[in-house]
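A.B. asks: So for the sequence shown, this note's numbering puts the first residue at 352; every next one is plus one.
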Amino acid sequence: MNKKFKLDTNLVRGGLTRSNFNETSEAIFINSGFVYDSAEQAEAIFKGKKSGFQYTRYANPTIEMFEQRLALLDGSEACFATASGMAAVFGSMMCQLQAGDHVVSASALFGSCRYILNDILPKFGIEVTFVDGKNINEWKKNIKNNTKIFFFESPSNPCLEIIDIKQVCSIAKKNKITTIVDNIFASPVLQQPVKFGADIVIYSGTKHIDGQGRAMGGAICSTKKFKEDILKPFLRHTGPCISPFNAWILLKSLETIKIRVLAQSNNALQISKFLEKHKKIEEVYYPGLKSFSQYLLAKKQQSAGGTMIAFKIKGGKKEAFKFINKLKIFDISNNLGDAKSLITHPTTTTHKILGEEARLSLGITPNLIRLSIGLEDVNDLKEDLLYALK
Ligand SMILES: Cc1ncc(COP(=O)(O)O)c(C=O)c1O
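1) DSSP three-state call for H453: helix, strand or coil?
2) Between Q542, H453 and G667, which lies nearest to S616 when the distance is taken from Cα to Cα?
3) Just list the alpha helix (DSSP H) runs in the region 416-447, keeping only unbroken ones of 4 residues or longer that don't cross its boundaries, in chain order.
4) Could you tell me which residues DSSP puts in a beta bridge with F502?
5) What is the DSSP secondary structure of G294, counted as helix, strand or coil?
6) Is it the case that the Cβ atoms of I571 and G442 are separated by a distance below 8 Å?
7) Here's a check: name, in chain order, each residue in its chain whose Cβ is nearer than 7 Å to the Cβ of V612, leaving out the five neighbours to either side.
8) Which residues share a DSSP beta bridge with R721?
9) Hey, how far is the Cα of K398 from the Cα of I379?
10) Can you tell me which of the three DSSP states S376 falls into?
11) Drop a sphere of 10 angstroms on the beta-carbon of I683, count the other beta-carbons inside from all chains shown, and report buried for 16 or more, exposed for fewer.
12) Could you tell me whether any non-hydrogen atom of ligand 1 is closer than 7 Å to the CB of V454?
13) Answer yes if the region 639-646 comes into contact with the region 597-610, meaning at least three C-beta pairs across the two stretches below 8 Å, and no otherwise.
14) If you reduce the DSSP assignment to three classes, tell me which class I514 lands in.
15) Strictly by DSSP, which residues pair up with A570?
16) Please return the same chain residues whose Cβ sits closer than 8 Å to the Cβ of S642, not counting the five positions on each side in sequence.
17) Measure the beta-carbon distance from F625 to K691 and round it to whole angstroms, keeping in mind my assumption that it falls under 8 Å.
18) Would the C-beta of T557 count as close to ligand 1, meaning under 7 Å from any of its heavy atoms?
19) Indicate, with yes or no, if ligand 1 has a heavy atom lying under 7 Å from the CB of S435.
20) Do you know how far the Cα of Q518 is from the Cα of D359?
21) Could you work out which residue in I724, L693, K679 and G556 is closest to L440 when comparing CA atoms only?
22) Please classify N534 as buried or exposed, where buried requires at least 16 neighbouring CB atoms within 10 angstroms.
23) Determine whether the beta carbon atoms of A429 and K546 lie at a separation below 8 Å.
24) Could you check where the beta strand (DSSP E) with I632 kicks off and where it finishes?
25) For I683, write down the residues that DSSP places opposite it in a beta bridge.
26) Using DSSP with H/G/I as helix, E/B as strand and the rest coil, what is E478?
27) Can you find the residues in the same chain that come closer than 6 Å, C-beta to C-beta, to L424, ignoring five residues on each side of it along the sequence?
28) For S594, count neighbouring C-beta atoms within 10 Å of its own C-beta (all shown protein chains included) and say buried if the count is 16 or more, exposed if not.
29) Looking at P509 and I715, is the spacing between their C-beta atoms short of 8 Å?
30) Taking only heavy atoms of ligand 1 into account, decide whether any of them is closer than 7 Å to the Cβ of V440.
31) Looking at M567 and ligand 1, is the gap between the Cβ and the nearest heavy atom below 7 Å?
32) Report the rounded CA-to-CA distance for M352 versus T433, giving the unit in angstroms.
33) Hey, would you say I471 sits closer than 8 Å to F502, going by beta carbons?
34) Would you identify the three-state DSSP class for Y406, choosing helix, strand or coil?
35) In the structure shown, what three-state DSSP assignment does T789 receive?
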């Protein structure tokens, strides 16, 4: 890894290793296994006495290039790529938890994250307490002797709740608790949680990293020690590895991530300002808007408001569906962070699994709509929204 170069250079060249053929672009090592010169060499590599690739479930040259480049962007020492963002969320927890442990989590979460914490972890004897992540005292108050992890998304999916990363991480550090931050909404371009004390940062490669709707993938960023001692033994043997082909797509996508995310975020700011003024809109949630209740905190942690907007249309599910169905440019999809603008109805899709009570407690009402703003001309997007609102 090369920390001496500036970010833009590292996004194009970070982690690059060339094969004997001296290819310009990074090569895809699509192979599953590697061969050894001798049985002695195989033994030495398995013992860790010599370095060398063994098997793609363990490590692979293309995957390693992606991991190194993402770590340079995120500011973490190390990274382990996974098959999806959810594999990263689950792996980052299960690699360090055991029966009898306790986790404190913000309650405002993506449906699948909430499912892991609420439904899966308790089956393994792990207790989870959900708190209002915005309230710092709630994190403090709910620490127990056996609390091992603090987990949160900031901004959260879909209502863009912001959590004070520095304050929560500082409480965690004092109590020897590991903080895991899901940084998927902000992306590593706009926010680097390690700068604020986060121990582990989670990404979905599928979102802003690919940003072009082509590949599943995920990543766990951490210290080198955590990767070597805790993550590797768990992930190598349980097998949520990313395919080298997908890692290659994500690696090449990192070359343009900064340009894409900044342009998308700029479009999103303009669209949120436009929506805020429209008479058929009840409320807009966008961290870059001055009217957003956590604007100042967002500004402290993020370099821009991001690519995601949530808003409530006047009316209920009927009005929301009617509006969504009228759009001509925005695609109806539950993905996000894409170059194409996407629209989601969280109640019936991404957050369906939560159940009505939990959804309503988080402000996920039937008239809530989520937008992921892409790279199209912002005036075309505004016209599309205006037409559908009419
Ligand atoms: C906040 C958040 N975390 C995790 C994930 C999971 O990522 P993936 O779909 O790559 O598994 C998502 C996906 O939408 C998400 O929004």
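Where a beta carbon is used, it is the ideal one built from N, C-alpha and C, also for glycine.
C.D. replies: This is what the structure holds:
1) strand
2) Q542
3) 436-445
4) S456 and I531
5) Residue 294 is absent from the model: the chain starts at 352 and stops at 741.
6) yes
7) S538, V540, L541, H559 and T658
8) A661 and T695
9) 27 Å
10) coil
11) exposed
12) no
13) no
14) coil
15) A432 and Y554
16) E627 and V635
17) F625 to K691, Cβ: 19 Å. No contact.
18) yes
19) yes
20) 30 Å
21) Rather than Leu, the amino acid found at residue 440 in this sequence is Val. Among I724, L693, K679 and G556, the Cα nearest to that of V440 belongs to G556.
22) buried
23) no
24) I632 to Y636
25) I694
26) strand
27) P539
28) buried
29) yes
30) yes
31) yes
32) Its pLDDT being 48, under 50, M352 is placed unreliably in this model, and the value from its coordinates should be taken loosely. Those two C-alpha atoms are separated by around 20 Å.
33) no
34) strand
35) The shown model of the chain, from 352 to 741, leaves out residue 789, and the question about it has no answer.
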